[in-house]
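In order, the protein sequences belong to chains F and S.
full-length UniProt numbering puts the first residue of the first sequence at 1, with every later residue one more than the last.
full-length UniProt numbering puts the first residue of the second sequence at 1, with every later residue one more than the last.
We put the CB at the ideal spot given by N, CA and C, even for glycine.
The model shown is predicted, which means the values in this text are computed figures rather than measured ones.
Here is the structure we will look at.
Protein chains: 2
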Amino acid sequence: MIATIIGTGLIGGSLAITLKEKGVAERIIGVDQNAAHLQKALDLNIIDEKATLDEAMLRSDLVILAIPVDAVLKALPGIMDKVRPNQVVMDVGSTKEKILQLVAGHPNRGRFVAAHPMAGTEYSGPDAAVRNLFVHKTMVLCDVKNSDEDALELVENMVDQLQMRTVYMNGEEHDLHTAYVSHISHITSFALALTVLKKEKESGRIFELASGGFESTVRLAKSSPDMWVPIFKHNRNNVLDVLDEHISQLQQMKSLLEEEDYDAFYKLIQKSNKIRKILK
Amino acid sequence: MIATIIGTGLIGGSLAITLKEKGVAERIIGVDQNAAHLQKALDLNIIDEKATLDEAMLRSDLVILAIPVDAVLKALPGIMDKVRPNQVVMDVGSTKEKILQLVAGHPNRGRFVAAHPMAGTEYSGPDAAVRNLFVHKTMVLCDVKNSDEDALELVENMVDQLQMRTVYMNGEEHDLHTAYVSHISHITSFALALTVLKKEKESGRIFELASGGFESTVRLAKSSPDMWVPIFKHNRNNVLDVLDEHISQLQQMKSLLEEEDYDAFYKLIQKSNKIRKILK
Numbered sequence: 001m002i003a004t005i006i007g008t009g010l011i012g013g014s015l016a017i018t019l020k021e022k023g024v025a026e027r028i029i030g031v032d033q034n035a036a037h038l039q040k041a042l043d044l045n046i047i048d049e050k051a052t053l054d055e056a057m058l059r060s061d062l063v064i065l066a067i068p069v070d071a072v073l074k075a076l077p078g079i080m081d082k083v084r085p086n087q088v089v090m091d092v093g094s095t096k097e098k099i100l101q102l103v104a105g106h107p108n109r110g111r112f113v114a115a116h117p118m119a120g121t122e123y124s125g126p127d128a129a130v131r132n133l134f135v136h137k138t139m140v141l142c143d144v145k146n147s148d149e150d151a152l153e154l155v156e157n158m159v160d161q162l163q164m165r166t167v168y169m170n171g172e173e174h175d176l177h178t179a180y181v182s183h184i185s186h187i188t189s190f191a192l193a194l195t196v197l198k199k200e201k202e203s204g205r206i207f208e209l210a211s212g213g214f215e216s217t218v219r220l221a222k223s224s225p226d227m228w229v230p231i232f233k234h235n236r237n238n239v240l241d242v243l244d245e246h247i248s249q250l251q252q253m254k255s256l257l258e259e260e261d262y263d264a265f266y267k268l269i270q271k272s273n274k275i276r277k278i279l280k
Numbered sequence: 001m002i003a004t005i006i007g008t009g010l011i012g013g014s015l016a017i018t019l020k021e022k023g024v025a026e027r028i029i030g031v032d033q034n035a036a037h038l039q040k041a042l043d044l045n046i047i048d049e050k051a052t053l054d055e056a057m058l059r060s061d062l063v064i065l066a067i068p069v070d071a072v073l074k075a076l077p078g079i080m081d082k083v084r085p086n087q088v089v090m091d092v093g094s095t096k097e098k099i100l101q102l103v104a105g106h107p108n109r110g111r112f113v114a115a116h117p118m119a120g121t122e123y124s125g126p127d128a129a130v131r132n133l134f135v136h137k138t139m140v141l142c143d144v145k146n147s148d149e150d151a152l153e154l155v156e157n158m159v160d161q162l163q164m165r166t167v168y169m170n171g172e173e174h175d176l177h178t179a180y181v182s183h184i185s186h187i188t189s190f191a192l193a194l195t196v197l198k199k200e201k202e203s204g205r206i207f208e209l210a211s212g213g214f215e216s217t218v219r220l221a222k223s224s225p226d227m228w229v230p231i232f233k234h235n236r237n238n239v240l241d242v243l244d245e246h247i248s249q250l251q252q253m254k255s256l257l258e259e260e261d262y263d264a265f266y267k268l269i270q271k272s273n274k275i276r277k278i279l280k
């Protein structure tokens with residue numbers, strides 16, 4: 001089949017590479033508002049050709065939106081109006097509720113599949129695209145009951161070929177859980193970078209002393225604001241809710257340190273250690 | 001030479017393995033209050049023999065304290081009283097100011113070298129000991145002007161053999177900078193784990209959805225309270241200071257989200273991206 005990737009960055013580019021490699025798509029058409037990215041994607045052989053959205057829509061079996069969620073919200077209505085009965089449209093955006101609200105009740109709703117691969121790195125653009133980004137990761141598919149059977153089947157088959165696990169949930173659940181396991185991690189990492197950059201005037205010292213632990217907690221702070229501001233915007237309530245909880249946990253730790261209640265501090269760390277059972 | 005390692009856990013065990021492998025020490029004596037750890041270290045061939053501290057002190061050229069900082073503070077005075085002119089004592093504790101205050105003015109002060117390898121993992125105990133933990137990492141040596149020349153030379157030679165970079169600072173600087181690049185990362189990670197464990201009642205969902213980003217920010221929350229509570233205790237003022245800054249950064253992000261000031265939020269993320277220049 002012919003697949004169009006709208007947005008030839010980290011996720012779109014990595015998808016393009018993998019779909020070609022696995023033989024899911026014979027041909028990849030790239031669409032990108034950023035002409036430099038699009039050319040780069042072509043130069044790197046990530047896509048087979050460049051096209052405008054309209055040209056690409058005429059010739060594609062599958063259209064994948066791999067752009068920031070605010071751009072998905074802008075582009076999707078026009079795409080849904082144009083989609084033909086033998087085409088499938090999917091998005092891979094990091095928030096889902098507003099996207100699903102937008103297409104709800106659209107006459108072509110059945111042609112749309114809402115997806116979110118729980119995979120990524122802190123880098124962006126076509127240069128960041130890598131093969132094997134998705135292997136053994138989770139693909140969340142949302143509100144699949146509103147997708148046509150054949151459209152869902154095409155996407156599920158693709159997910160299998162990508163060697164991903166599939167999890168099904170509705171948009172509301174998706175946005176709640178991703179706030180917990182993804183969005184708050186980015187908030188803390190951005191804030192940690194700002195903290196250290198402010199405190200540590202001598203940046204040479206950071207470089208000298210930072211070890212794996214620091215790099216691990218702060219690496220997400222390299223992530224692009226173009227991707228992340230729309231996520232926080234469109235998942236604002238859930239993010240605020242978990243951020244409130246996180247600030248209050250930090251304040252509790254601060255109080256215990258101020259009071260020098262090290263027994264309670266010890267118990268708190270022991271409690272946080274329970275994350276061991278969940279992560280490997 | 002014969003080296004004694006007091007504390008056969010992650011750091012002590014990894015040191016033991018590396019000192020033997022590099023030929024820095026021909027024989028490693030293990031000392032540990034935890035009899036099970038000590039036996040395990042022997043079974044794993046991390047140490048060559050078990051001994052009491054007094055026995056070990058009689059036969060060692062180098063004595064390394066690789067125990068939590070509160071335990072260092074307890075054990076060090078007795079060791080300093082017993083150290084002979086041809087012996088070297090070093091610690092590898094994660095805070096330095098109180099340790100250096102403790103030995104300041106001791107008649108045998110010259111035999112002591114205060115060190116801190118900026119390396120570790122979130123695991124602990126002899127099972128966690130690994131070769132190559134220290135390669136290309138930084139060893140901080142503190143207040144070296146108060147160490148005898150030959151004692152310092154022995155430690156510096158060892159650091160070279162471990163393929164580590166050396167950074168020199170005083171105890172005060174050390175505790176300040178490690179609060180910024182190490183201790184605060186652990187605080188945020190513990191708090192993030194507590195946040196998610198509280199919010200995410202369905203732990204299955206964390207497992208399904210958590211990807212690399214979440215694991216990265218939360219992995220330090222697996223760290224042992226036995227090691228970390230003493231660090232926070234003995235670096236309390238610096239940790240409280242940087243924790244205050246971190247909470248206020250998070251509160252600023254929260255306010256901007258509440259006010260839906262996404263332009264300012266964007267700029268804040270851009271600012272945090274400057275951490276890219278510092279990390280690779």
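For F:Lys50, which of helix, strand or coil comes out of DSSP?
-> Within the first sequence, the letter at position 50 stands for residue 50 of chain F. In the structure shown, F:Lys50 sits in a strand (DSSP, three-state: E or B).
Backbone CA spacing between F:Pro117 and S:Lys254 [nearest angstrom] = What you label residue 117 of chain F is simply residue 117 of the first sequence in a count that begins at 1. What you label residue 254 of chain S is simply residue 254 of the second sequence in a count that begins at 1. Answer to the nearest angstrom: the Cα atoms are 27 Å apart.
Just to confirm, are F:Ala75 and F:Leu15 a CB contact at a threshold of 8 Å?
-> Taking the first sequence and counting its residues from 1, the one referred to as residue 75 of chain F is at position 75. Taking the first sequence and counting its residues from 1, the one referred to as residue 15 of chain F is at position 15. For F:Ala75 and F:Leu15, no; Cβs fall outside 8 Å.
Distance CB(S:Ala115)-CB(S:Val140) smaller than 8 Å = The count along the second sequence starts at 1 and reaches residue 115 of chain S at position 115. The count along the second sequence starts at 1 and reaches residue 140 of chain S at position 140. Remark: C-beta atoms of S:Ala115 and S:Val140 approach each other more closely than 8 Å.
Buried or exposed: which applies to F:Met158, given that a residue is buried once 16 or more other Cβ atoms fall within 10 Å of its Cβ?
-> Your numbering for residue 158 of chain F matches position 158 in the first sequence. It is buried - the Cβ of F:Met158 has at least 16 other Cβ atoms within 10 Å.
Member of S:Ala71, S:Ala35, S:Ala193, S:Gln270 whose CA lies at the smallest distance from the CA of S:Pro230 = Residue numbering aside, residue 230 of chain S sits at position 230 when the second sequence is read from its first letter. The shortest C-alpha to C-alpha distance from S:Pro230 to any of S:Ala71, S:Ala35, S:Ala193, S:Gln270 is the one to S:Ala71.
N-terminal and C-terminal residue of the alpha helix (DSSP H) that F:Met118 is part of = Stepping through the first sequence from its first residue, residue 118 of chain F is reached at position 118. Here F:Met118 belongs to no alpha helix (DSSP H), and DSSP marks it neither H nor E.
Taking 8 Å as the CB-CB limit, is S:Thr195 close to chain F?
-> As a working mapping, residue 195 of chain S is identified with position 195 in the second sequence. S:Thr195 counts as touching chain F.
Assuming F:Lys222 contacts S:Asn273 (C-beta within less than 8 Å), just tell me the rounded distance between them.
-> Start at 1 with the first residue of the first sequence, and residue 222 of chain F comes out as number 222. Start at 1 with the first residue of the second sequence, and residue 273 of chain S comes out as number 273. Contact annotation, F:Lys222 with S:Asn273: C-beta distance approximately 6 Å; criterion of less than 8 Å satisfied.
Is there at least one Cβ from chain S nearer than 8 Å to F:Gln101's Cβ?
-> Taking the first sequence and counting its residues from 1, the one referred to as residue 101 of chain F is at position 101. It does not: the Cβ of F:Gln101 has no partner Cβ on chain S nearer than 8 Å.
Quick one, which residues of the segment 117-139 of chain F are near chain A if we go by CB-CB under 9 Å, in chain order?
-> Looking at the structure shown, chain A is missing, and the protein chains on hand are F and S.
Boundaries of the beta strand (DSSP E) in which S:Tyr168 is found, first to last residue | For the purposes of this step, residue 168 of chain S is taken as the residue at position 168 of the second sequence. Unbroken beta strand (DSSP E) run through S:Tyr168: 165-169.
Is there a Cβ from chain S that is less than 8 Å from the Cβ of F:Glu259?
-> Translated into positions along the first sequence, residue 259 of chain F becomes position 259. Taking Cβ atoms only, chain S never reaches closer than 8 Å to F:Glu259, which makes this a no.
Report the neighbours of F:Val239 on chain S: residues whose CB is nearer than 7 Å to its CB, in chain order.
-> The residue you call residue 239 of chain F lines up with position 239 of the first sequence. Ordered by position in chain S, the residues that pass the 7 Å Cβ test against F:Val239 are Leu257.
is_contact[F:Pro225, chain S] using C-beta, thresh 8 Å | Here residue 225 of chain F corresponds to residue number 225 of the first sequence, with the count starting at 1. Chain S, which has a Cβ nearer than 8 Å to the Cβ of F:Pro225, makes this yes.
Of all Cβ atoms in chain F, is any one closer than 8 Å to the Cβ of S:Gly23?
-> As a working note, residue 23 of chain S is residue 23 in the second sequence. For S:Gly23, the closest Cβ of chain F is not nearer than 8 Å.
Can a CB atom of chain S be found closer than 8 Å to the CB of F:Ala71?
-> One-based indexing of the first sequence puts residue 71 of chain F at position 71. No, because no Cβ of chain S sits closer than 8 Å to the Cβ of F:Ala71.
Where F:Thr178 and S:Leu209 are concerned, what is the direct C-alpha to C-alpha distance, given to the nearest angstrom?
-> Looking up residue 178 of chain F in the first sequence gives position 178. Looking up residue 209 of chain S in the second sequence gives position 209. Computed Cα separation, rounded: 7 Å.
In whole angstroms, what separates the C-alpha of S:Asn237 from that of F:Phe214?
-> Start at 1 with the first residue of the second sequence, and residue 237 of chain S comes out as number 237. Start at 1 with the first residue of the first sequence, and residue 214 of chain F comes out as number 214. If you draw a straight line from the Cα of S:Asn237 to the Cα of F:Phe214, it is about 20 Å long.
Under 8 Å, do S:Thr138 and S:Val167 count as touching if we go by C-beta distance?
-> Your numbering for residue 138 of chain S matches position 138 in the second sequence. Your numbering for residue 167 of chain S matches position 167 in the second sequence. The answer is yes: Cβ separation under 8 Å.
From what residue to what residue does the alpha helix (DSSP H) around S:Gly12 run?
-> Within the second sequence, numbered from 1, the residue matching residue 12 of chain S stands at position 12. 10-21 is the span of the alpha helix (DSSP H), which, as asked, contains S:Gly12.
If you measure from the beta carbon of S:Ile2 to each beta carbon in chain F, is any gap under 8 Å?
-> By 1-based counting over the second sequence, the position of residue 2 of chain S is 2. Not one chain F Cβ lies under 8 Å of S:Ile2.
Chain-ordered neighbours of F:Asn273 on chain S, where CB pairs are closer than 9 Å | Taking the first residue of the first sequence as position 1, residue 273 of chain F is located at position 273. Near F:Asn273 (Cβ distances below 9 Å), the residues of chain S are Phe190, Ala193, Ala221, Lys222, Ser223, Ser224, Pro225.
Can you give the Cα-Cα distance for S:Glu200 and S:Thr52, rounded to whole angstroms?
-> The sequence position of residue 200 of chain S within the second sequence is 200, counting from 1. The sequence position of residue 52 of chain S within the second sequence is 52, counting from 1. Pairing S:Glu200 with S:Thr52, the inter-Cα distance amounts to about 47 Å.
Tell me whether the beta-carbon of S:Phe207 lies closer than 8 Å to the beta-carbon of S:Leu162.
-> The sequence position of residue 207 of chain S within the second sequence is 207, counting from 1. The sequence position of residue 162 of chain S within the second sequence is 162, counting from 1. Not in contact: S:Phe207 and S:Leu162 (Cβ atoms no closer than 8 Å).
By the criterion of Cβ-Cβ separation under 9 Å, what are the contact partners of F:Tyr262 in chain S?
-> On the first sequence, residue 262 of chain F is found 262 positions in, with the first residue counted as 1. Ordered by position in chain S, the residues that pass the 9 Å Cβ test against F:Tyr262 are Val229, Pro230, Phe232, Lys233.
Can you say whether F:Ala35 is buried or exposed, counting buried as having 16 or more other CB atoms within 10 angstroms of its CB?
-> For the purposes of this step, residue 35 of chain F is identified with residue 35 of the first sequence, where counting begins at 1. The residue in question, F:Ala35, is exposed, as its Cβ has fewer than 16 Cβ neighbours within 10 Å.
Could you tell me whether the Cβ atoms of F:Cys142 and F:Gly171 are closer together than 8 Å?
-> Within the first sequence, the letter at position 142 stands for residue 142 of chain F. Within the first sequence, the letter at position 171 stands for residue 171 of chain F. Against a cut-off of 8 Å, the Cβ pair of F:Gly171 and F:Cys142 comes out as a contact.
In three-state terms, what does DSSP make of F:Thr95?
-> Within the first sequence, the letter at position 95 stands for residue 95 of chain F. DSSP places F:Thr95 in the coil class of the three-state scheme, outside both helix and strand.
In angstroms, rounded to a whole number, what distance separates the CA positions of F:Ser94 and F:Thr121?
-> Locating residue 94 of chain F in the first sequence gives position 94, where the first residue counts as 1. Locating residue 121 of chain F in the first sequence gives position 121, where the first residue counts as 1. For F:Ser94 and F:Thr121, the distance between alpha carbons rounds to 13 Å.
Decide if F:Arg131 is buried, meaning its Cβ has at least 16 other Cβ atoms within 10 Å, or exposed.
-> As a position in the first sequence, residue 131 of chain F is number 131, starting the count at 1. Per the 10 Å Cβ criterion, exposed.
Run the CB neighbour count on S:Glu97, radius 10 Å, all protein chains shown included, and call it buried at 16 or more, exposed below.
-> Counted from its first residue, the second sequence places residue 97 of chain S at position 97. Classification of S:Glu97: buried, given that the 10 Å Cβ count is 16 or more.
C-beta neighbour in chain S for F:Ala114, strict 8 Å | Here residue 114 of chain F refers to the residue found at position 114 when the first sequence is read from its first residue. No, F:Ala114 lies away from the interface with chain S (no Cβ there is under 8 Å from its Cβ).
Provide the residue(s) that pair with S:Leu62 in DSSP beta bridges, ordered along the chain.
-> Position 62 of the second sequence holds residue 62 of chain S. Beta bridge pairing from DSSP links S:Leu62 with S:Ala3, S:Val88.
Through-space distance from S:Lys198 to F:Tyr262, alpha-carbon basis = In the first sequence, residue 262 of chain F corresponds to position 262, counting from 1. In the second sequence, residue 198 of chain S corresponds to position 198, counting from 1. If you take the alpha carbons of F:Tyr262 and S:Lys198, they lie about 21 Å apart.
Taking all protein chains shown into account, do 16 or more other C-beta atoms lie within 10 angstroms of the C-beta of residue 311 of chain F, making it buried, or fewer, making it exposed?
-> One cannot answer for residue 311 of chain F here, as it falls past the ends of chain F, which runs 1 to 280.
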